[in-house]
Amino acid sequence: MTTQFHDHVLSDAALAQLFNEARSYNGWLDKPVSDEQLHAIWDLMKMAPTSANMQPVRIVWIKSPEAKAKLVEYVMEGNKAKVAAAPVTAVIGYDIDFHEELPWLFPHTDAKSWFEGDEKGREEGAFRNSSLQGAYLMLAARAIGLDCGPMSGFDPAAVNAAFFADSPRHRVNFICSVGYGDPASIFERSPRPDFATFNRIA
1 MTTQFHDHVL
11 SDAALAQLFN
21 EARSYNGWLD
31 KPVSDEQLHA
41 IWDLMKMAPT
51 SANMQPVRIV
61 WIKSPEAKAK
71 LVEYVMEGNK
81 AKVAAAPVTA
91 VIGYDIDFHE
101 ELPWLFPHTD
111 AKSWFEGDEK
121 GREEGAFRNS
131 SLQGAYLMLA
141 ARAIGLDCGP
151 MSGFDPAAVN
161 AAFFADSPRH
171 RVNFICSVGY
181 GDPASIFERS
191 PRPDFATFNR
201 IA
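Numbering (UniProt numbering), first residue to last: 1 to 202.
Put into structure tokens, the structure is as follows:
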């Protein structure tokens, strides 16, 4: 089966945990997520690639009742119960001025100079690469045995004001709840296209 490709391919069980059996959850079991687990997610996701190792993602892990209540205010009606019930929700943002960190993140060359004076280009790069990092976050969470519920239904200006007020160059990208998913909260998996539907090899 999977071993037809490479000796080091992940097991079918691991692929099921990360992809084939993983789901986006709408409800959560009453089980806590520890700070140690959040650190473990970060320690995995930070190893995945971003352009010039720019690492533009900036995350606020919403865990306290006060922070959770604040976030619930700014998500659409259909997402309020999801956020309220989740043990943790990650506000996944990005730093428009990520280039200020490049002297130590990418010390091989003067990468900072590539982005100076080009705020539009920086924002585009930060958004793209923080989106990648958000996906890495979900895979990392699944890898350590947690489930995810990504969402985009929220008021971005209000979320920025509430959680990035002390860092005005940070912007929210999307949010993602993390915890132990309640199987009763999901419906039958939606169709997935085969390779030929949306792919071609040129």
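Just so it is clear, CB atoms sit at the ideal spot from N, CA and C, and this is done for glycine as well.
Could you tell me how far apart the beta carbons of residue i and residue j are, in whole angstroms, since I believe they sit closer than 8 Å?
i: L132; j: M54; result: About 10 Å separates the two Cβ atoms, so there is no contact after all.
i: T89; j: C148; result: Their Cβ separation, rounded to whole angstroms, is 10 Å, which puts T89 and C148 out of contact at 8 Å.
i: S130; j: P49; result: With 8 Å as the limit, S130 and P49 do not qualify as a contact, their Cβ atoms being about 13 Å apart.
i: K70; j: A162; result: 5 Å
i: G93; j: F164; result: 6 Å
In whole angstroms, give me the CA-to-CA distance for residue i and residue j.
i: G181; j: V9; result: 27 Å
i: R169; j: F98; result: 9 Å
i: G179; j: D30; result: 9 Å
i: V91; j: S113; result: 29 Å
i: D166; j: D155; result: 18 Å
i: V159; j: A202; result: 42 Å
i: Q37; j: K68; result: 18 Å
i: R171; j: S24; result: 24 Å
i: W28; j: T109; result: 46 Å
i: A196; j: S152; result: 29 Å
i: W61; j: R142; result: 17 Å
i: P32; j: P87; result: 6 Å
i: R128; j: D95; result: 12 Å
i: R192; j: G125; result: 29 Å
i: M1; j: A157; result: Its pLDDT being 46, under 50, M1 is placed unreliably in this model, and the value from its coordinates should be taken loosely. When rounded, the distance between both Cα atoms is 48 Å.
i: D7; j: L139; result: 22 Å
i: S185; j: P150; result: 14 Å
i: P183; j: R200; result: 36 Å
i: N26; j: E188; result: 13 Å
i: S190; j: G134; result: 22 Å
i: A52; j: E123; result: 15 Å
i: W104; j: D194; result: 42 Å
i: E100; j: I59; result: 18 Å
i: L15; j: A84; result: 30 Å
i: S34; j: F106; result: 31 Å
i: N173; j: Y136; result: 14 Å
Could you pull the DSSP bridge partners for residue i from this structure?
i: S24; result: C148
Spell out whether any CB of chain C is found under 8 Å from the CB atom of residue i.
i: K68; result: Within the model displayed, chain C is absent; a lone protein chain is all it includes.
Are there three or more Cβ pairs, one per stretch, closer than 8 Å when the segment 19–34 is compared with the segment 115–131?
Counting Cβ pairs under 8 Å, fewer than three are found: no touch.
Taking three-plus beta-carbon pairs below 8 Å as touching, is the segment 37–45 in contact with the segment 69–86?
Contact between the segment 37–45 and the segment 69–86 is absent: fewer than three C-beta pairs spanning the two stretches fall below 8 Å.
Which parts of the UniProt domain "Nitroreductase" (28–180) are runs of the alpha helix (DSSP H), unbroken and 4 residues or longer, counting only runs that do not cross its ends?
Fully enclosed alpha helix (DSSP H) runs of 4 or longer: 35–45, 65–73, 77–85, 102–105, 112–115, 119–143, 156–163.
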